[in-house]
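K.L.:
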Amino acid sequence: MLWAASLGSAVALAALASAQHDGDHSPPSYPSPWMRGGNGWQDAYIKAKDFVSQLTLLEKVNLTTGVGWEGEACVGNTGSIPRLNFRGLCLQDGPLGIRFADQNSAFPAGVNAAATWTTRLFKTRGNAMGSEHRGKGIDAQLGPVAGGLGRVPAGGRNWEGFSPDPVLTGVAMAETIKGIQDANVIATAKHFIMNEQEFNREALSDGTPAYSANIDDKTMHELYLWPFADAVRAGVGSIMCSYNRINNSYGSENSYTLNHLLKNELDFQGFVMSDWWAQHSGVASAFAGLDMSMAGDQNLGSGNTHWGFHLTEAVLNGTIPQWRLDDMVVRIMAAYYKVGRDTARVDVNFNSWTKETFGYRHAGAKEGYEQVNFHVNVQGDHARLIREIGGASTVLLKNTNNALPLKKPSSIAVIGEDAHDSPDGPNGCDDRGCDKGTLAMGWGSGTANFPYLIAPVTALKAQAARDKTKFTNVSDNYDLSAVTAAVTGAEAAIVFGNADSGEAYITVDGNQGDRKNLTLWGDADALIAHVASINPNTIVVLHTVGPVIVEALKNNPNVTAILWAGLPGQESGNAITDILYGARNPSAKSVFTWGKKREDWGVDVVYKKTSDNPQLNFNEGVFIDYRHFDANEIEPSYEFGFGLSYTNYSYSNLQIEKKSPGPYEPTLGKTEPAPTFGTIDMDPANAQFPPGFHIVNKYIYPFLNGTAIPTGLPQTFPKGANDSSSQPKLGAGGSGGGNRQLYDVMYTVTATVTNTGAVKGTEIPQLYISLGAPTDPKVVLRGFDDLILDPKESRTFKYDITRRDISNWDTASQNWVISEFPKTVYVGASSRNLPLSGKLS
Ligand SMILES: *[C@@H]1O[C@H](CO)[C@@H](O)[C@H](O)[C@H]1NC(C)=O
Ligand SMILES: *[C@@H]1O[C@H](CO)[C@@H](O)[C@H](O)[C@H]1NC(C)=O
Ligand SMILES: *[C@@H]1O[C@H](CO)[C@@H](O)[C@H](O)[C@H]1NC(C)=O
Ligand SMILES: *[C@@H]1O[C@H](CO)[C@@H](O)[C@H](O)[C@H]1NC(C)=O
Ligand SMILES: *[C@@H]1O[C@H](CO)[C@@H](O)[C@H](O)[C@H]1NC(C)=O
Ligand SMILES: *[C@@H]1O[C@H](CO)[C@@H](O)[C@H](O)[C@H]1NC(C)=O
Ligand SMILES: *[C@@H]1O[C@H](CO)[C@@H](O)[C@H](O)[C@H]1NC(C)=O
Ligand SMILES: *[C@@H]1O[C@H](CO)[C@@H](O)[C@H](O)[C@H]1NC(C)=O
Ligand SMILES: *[C@@H]1O[C@H](CO)[C@@H](O)[C@H](O)[C@H]1NC(C)=O
């Protein structure tokens, strides 16, 4: 397919027209929309109303506020309701398994899940993770991730999420959420929103505020908000807001992102929690739509709070109306009932703060020594799934003359530290904050302890023994003489390299979360070049968090194969052996673009403090990753959606069937007025610590401590924030994920995919659309599937194109519109290999 040559300048013009500026601000949006119990939330809403109606003020406040860091067993714990024998909610990281536990699994990272492009695996992985959380007594799993989406390739936490493409991420979000919640655990979609780099995501120690991601309305809707719409539509129970500011207002108190976009337009019915200590105000955040304060204390272990007893005060002094507090609590409890926590709950049986069996119940205060770890094994048979996803997510980028799969080679050499065990064991560094031995997850809060980690060398050595293959290996990347000896004359030399990244609170080798470069770590590029200078059958395996520069490897004739294995989790070695030896035919496709040089991506991490009020203007609009490469005619090493197989596929017979769903009607009408549940005792005397109450040090409570409540003082809060009257609905809203007609089917597209090779395989057909305007990307992904095909077998790929799929966000009407520009659909094997196309009339 040919790209129109004039597009680059049109894009530049479009970007200019929507340029963002330092100091952009979010328009105020009040009041905070109250829950209405729509979209599959009806039953949960009824149960939650019944429950919340019987609660006192203090009990309600207890459910909104964490007890503080290390106050209880989990990374996040709300207060409890002893009167009703209701323990507080337990919230635990993270997106690839349970953090800070034992007897749990370490799943492949989000980026690997995405690379399978297989909805069945998205959901099965979610369900397996959810069931492990359930088994430990966790109420809410803190994942999956759609923010950072992956604007910049070096973004430290990109691997926790799925892909810089919003549609692939959106589908992965929805299926992961369904999987987790089917296991009776609340899923938490995070981080809302624009958490696109680590540097300066939080205020710096010199008092500089977190960066402000300044973004225009169209880009927000067409790119960053898109996967969150899918999350809401899938019924996600909670959403975590981000550390950064958006248009100069913090994620936890931005009334436009929380009230307007999330709760009104997307009709989100669950609860919004803050990221840990990302809350910056009490009253303002409550009116802006925050429902739960995490970890409850203002700063790590500070013992003071924005909510807790301050929220009690704010209700008693007439600032926060009862309906807003009731809405917070009813949303929390509705999420609890929606996923069936009431029937599936077990006691919390692990402890985040010690690996020992006995420890402190309140670790922060060193109080309540008792059994805290019951070592419940929740792994089930998830190892099989982890191995399957590990293989199904390994992208074959290069395979000269069918170098792979290996067929009982006479000898192999396995080279590189990344193929080997860390001498310190797989959990040698806290939160995986080092790059030692084979890499199977990044670092930070989005990690889990490995129950074990199969290093590639272990599995490959076992395979070699079965095949009677001569086996040599070298782990030291710098011992080039040993490497020379090992690879000389070997039938295949398999070299492993990695690149790591993670969360900002840990710096590894000068990388403060974000990667400082896009090259391999530990001089692996030099190691590979050395091996390839000797061995003409050099096979490269990359364990990287995202793209690295591979152009030299691509062009090196002695590098016969390149595989991206990403962050495969505990079964790493078995999964890569399955692929290298053909027990599994590669089917994965790259979920990001591989540029030839760093500048090719157009946007990058800002690593330095730029001002006392740092501004990140997202002027590239929707042009990130392949959209940028396409628009600027930059040829990548490997494009988005690319991946080889041990067989070949052909595409034919595109058919487009037009449907007639009727015209798009903006949602009209008004909401009900805000409801309240039960009555609140407004006498401050009844909100004090009960006599003789035992206070745990630094623990956050809802009780007043003799505080006088001033009354009759002038209230200062944004206009309309306390308005409980019925409110107009948004035209683009009205249902989970936006106006339900956005999901009407406009066209059904089918195409035939045939396996033309000699072995069975799975092909991932991809459907892209050109929306047609000069300001649009050349193509955008809209659909995909995984088709299992025997040799010579054909199957039909089918995708239903929805109204949303062919619409643009129109800022003037504040709704989605189908532009007059001609639209074209493409089907093929990658974003740049699209043999079939047709007009959408
Ligand atoms: C940010 O400000 C721009 C105006 O420059 C506006 O178009 C956009 O809607 C705002 N977005 C948010 C999330 O506040
Ligand atoms: C709030 O939760 C704390 C911690 O679980 C508990 O000690 C306290 O009694 C609860 N307060 C009320 C009013 O239930
Ligand atoms: C009411 O209480 C809140 C929380 O302590 C406080 O922020 C606010 O200033 C108070 N308002 C008045 C009018 O006293
Ligand atoms: C080869 O791998 C084994 C683990 O299977 C390891 O103990 C050994 O140190 C490695 N050899 C070299 C030379 O690195
Ligand atoms: C890139 O960063 C990694 C990790 O810090 C380091 O090992 C490597 O040497 C760096 N690459 C270059 C070319 O400086
Ligand atoms: C490829 O390997 C051969 C040895 O088999 C060596 O002579 C040649 O220089 C290598 N080529 C490159 C580009 O390293
Ligand atoms: C796929 O087709 C190409 C081009 O015809 C051919 O070079 C290659 O060997 C085929 N690969 C397989 C695995 O059949
Ligand atoms: C409550 O107030 C008393 C008297 O001012 C003080 O000694 C105590 O530390 C306070 N307790 C808490 C938990 O703030
Ligand atoms: C909102 O607050 C203002 C200012 O305190 C007050 O005059 C008004 O009555 C309140 N409105 C509602 C609906 O409570």
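Going by full-length UniProt numbering, the residue at position 609 of the sequence shown is 609; the numbering climbs one at a time, nothing skipped.
We put the beta carbon where it would ideally sit given N, CA and C, even for glycine.
Is Gly-757 close to ligand 7? I mean its beta-carbon at under 7 Å from any heavy atom of the ligand.
P.N.:
True, at least one ligand heavy atom lies under 7 Å from that Cβ.
K.L.:
So the alpha helix (DSSP H) Ser-53 belongs to, where does it begin and stop?
P.N.:
That run of the alpha helix (DSSP H) goes 42 to 53.
K.L.:
At a cut of 8 Å, does the region 83 to 95 reach the region 536 to 553 through at least three beta carbon pairs?
P.N.:
The region 83 to 95 is not in contact with the region 536 to 553.
K.L.:
For Thr-762, which residues does DSSP report across the bridge?
P.N.:
Answer by DSSP bridge pairing, in chain order: Ile-788.
K.L.:
What residue range does the alpha helix (DSSP H) around Asn-62 cover?
P.N.:
Unbroken alpha helix (DSSP H) run through Asn-62: 57 to 64.
K.L.:
Considering only their Cβ atoms, is the gap separating Ala-19 from Met-441 smaller than 8 Å?
P.N.:
Not closer than 8 Å, so no.
K.L.:
To which residues of the same chain is Ala-231 closer than 7 Å at the C-beta, ignoring the five residues directly before and after it?
P.N.:
Result list for Ala-231: Ala-146, Met-173, Ala-174, Ile-177 and Ala-189, in chain order.
K.L.:
So, for Trp-521: in the same chain, excluding its five sequence neighbours on each side, which residues have a beta-carbon less than 8 Å away from its beta-carbon?
P.N.:
Answer for Trp-521: Asp-435, Gly-497, Asn-498, Ala-499, Asp-500 and Asp-509, listed in chain order.
K.L.:
Would you mind giving the Cβ-Cβ distance between Thr-64 and Met-292, rounded to the nearest angstrom? I have them listed as a contact below 8 Å.
P.N.:
Correct: roughly 6 Å between the Cβ atoms.
K.L.:
Give the straight-line distance between the Cα atoms of Ala-229 and Asp-430, rounded to the nearest whole angstrom.
P.N.:
Going by the C-alpha atoms only, they are around 34 Å apart.
K.L.:
Quick one: residues in its chain with C-beta nearer than 6 Å to the C-beta of Asp-467, no 5 flanking neighbours on either side, listed in chain order?
P.N.:
If we look at Asp-467 and ignore the five residues flanking it on each side, its Cβ neighbours are Lys-408.
K.L.:
Would you give the residue range spanned by the beta strand (DSSP E) that His-280 belongs to?
P.N.:
No beta strand (DSSP E) contains His-280, which DSSP labels as neither H nor E.
K.L.:
Quick check: Gly-761 and Tyr-646, are their CB atoms within less than 8 Å of each other?
P.N.:
Yes, the Cβ-Cβ distance between Gly-761 and Tyr-646 is below 8 Å.
K.L.:
Ends of the alpha helix (DSSP H) at Trp-226?
P.N.:
Start and end: 226 to 233.
K.L.:
Going by beta-carbon coordinates alone, are Ile-186 and Gly-237 separated by less than 8 Å?
P.N.:
Yes, the Cβ-Cβ distance between Ile-186 and Gly-237 is below 8 Å.
K.L.:
Assuming Tyr-649 contacts Val-827 (C-beta within less than 8 Å), just tell me the rounded distance between them.
P.N.:
About 12 Å; that fails the 8 Å criterion.
K.L.:
Does chain B have any CB closer than 8 Å to the CB of Val-495?
P.N.:
This model lacks chain B altogether; it includes just one protein chain.
K.L.:
The beta strand (DSSP E) that contains Gln-197, what's its start and end?
P.N.:
No beta strand (DSSP E) holds Gln-197; DSSP gives it neither H nor E.
K.L.:
Sorry if obvious, but does the Cβ on Ser-724 come closer than 7 Å to a heavy atom of ligand 9?
P.N.:
For ligand 9, at least one heavy atom lies less than 7 Å from the Cβ of Ser-724.
K.L.:
Looking at the unbroken beta strand (DSSP E) that takes in Lys-470, where does it start and where does it end?
P.N.:
First-last of the beta strand (DSSP E) with Lys-470: 470 to 474.
K.L.:
Which parts of the region 317 to 353 are runs of the alpha helix (DSSP H), unbroken and 4 residues or longer, counting only runs that do not cross its ends?
P.N.:
Within the region 317 to 353, the complete alpha helix (DSSP H) runs of at least 4 residues are 322 to 338 and 341 to 344.
K.L.:
Quick check on this structure: which residue in Thr-488, Val-457 and Asp-525 has the alpha carbon closest to the alpha carbon of Asn-477?
P.N.:
Comparing Cα-Cα distances from Asn-477 to each of Thr-488, Val-457 and Asp-525, the minimum goes to Asp-525.
K.L.:
Answer with buried or exposed for Gly-736, where buried requires no fewer than 16 other C-beta atoms within 10 angstroms of its C-beta.
P.N.:
Label assigned to Gly-736: buried.
K.L.:
Is His-694 helix, strand or coil by DSSP?
P.N.:
His-694: coil per DSSP, three-state reduction.
K.L.:
Using the C-alpha atoms, what's the distance from Leu-266 back to Trp-226?
P.N.:
Straight-line Cα distance between these residues: approximately 10 Å.
K.L.:
Tell me whether Thr-507 is buried or exposed, calling it buried when 16 or more other Cβ atoms sit within 10 Å of its Cβ.
P.N.:
Under this definition Thr-507 is an exposed residue.
K.L.:
Name the residue from Asn-705, Leu-767 and Gly-79 whose alpha carbon lies nearest to the alpha carbon of Asp-297.
P.N.:
Cα-wise, what sits closest to Asp-297 is Gly-79.
K.L.:
Does the beta-carbon of Ser-293, which I'm using as the reference point, lie nearer than 7 Å to any heavy atom of ligand 2?
P.N.:
No.
K.L.:
To the nearest angstrom, how far is it from the Cα of Pro-714 to the Cα of Gly-720?
P.N.:
In a straight line, the C-alpha of Pro-714 is about 15 Å away from that of Gly-720.
K.L.:
Residues around ligand 3, please: the condition is that the C-beta lies closer than 6 Å to some non-hydrogen atom of it.
P.N.:
Qualifying residues come out as Gly-282, Val-283, His-310, Glu-313, Ala-314, Asn-317, Thr-319, Pro-710, Leu-713 and Gln-715.
K.L.:
Using DSSP with H/G/I as helix, E/B as strand and the rest coil, what is Ser-587?
P.N.:
It is coil, neither helix nor strand.
K.L.:
With a cut-off of 8 Å on the beta carbons, I'd call Pro-426 and Gly-573 a contact; round off their distance for me.
P.N.:
Not confirmed; about 12 Å, so no contact.
K.L.:
Taking the beta carbon of Ala-17 as the centre, do at least 16 other beta carbons fall within 10 Å, making it buried, or is it exposed?
P.N.:
Model confidence at Ala-17 stands at a pLDDT of 47, short of 50, so the residue's coordinates are unreliable and nothing is read from them.
K.L.:
So what's Asp-800 in DSSP terms, helix, strand or just coil?
P.N.:
In this structure, Asp-800 counts as strand in the three-state DSSP scheme.
K.L.:
Return yes when the Cβ of Ile-415 is within less than 8 Å of the Cβ of Val-531, no when it is not.
P.N.:
A contact, by the Cβ cut-off of 8 Å.
K.L.:
Let me check understanding here. Comparing Cα to Cα, which of Ala-392, Leu-742, Arg-345 and Asn-401 lies closest to Gly-135?
P.N.:
Among Ala-392, Leu-742, Arg-345 and Asn-401, the Cα nearest to that of Gly-135 is on Arg-345.
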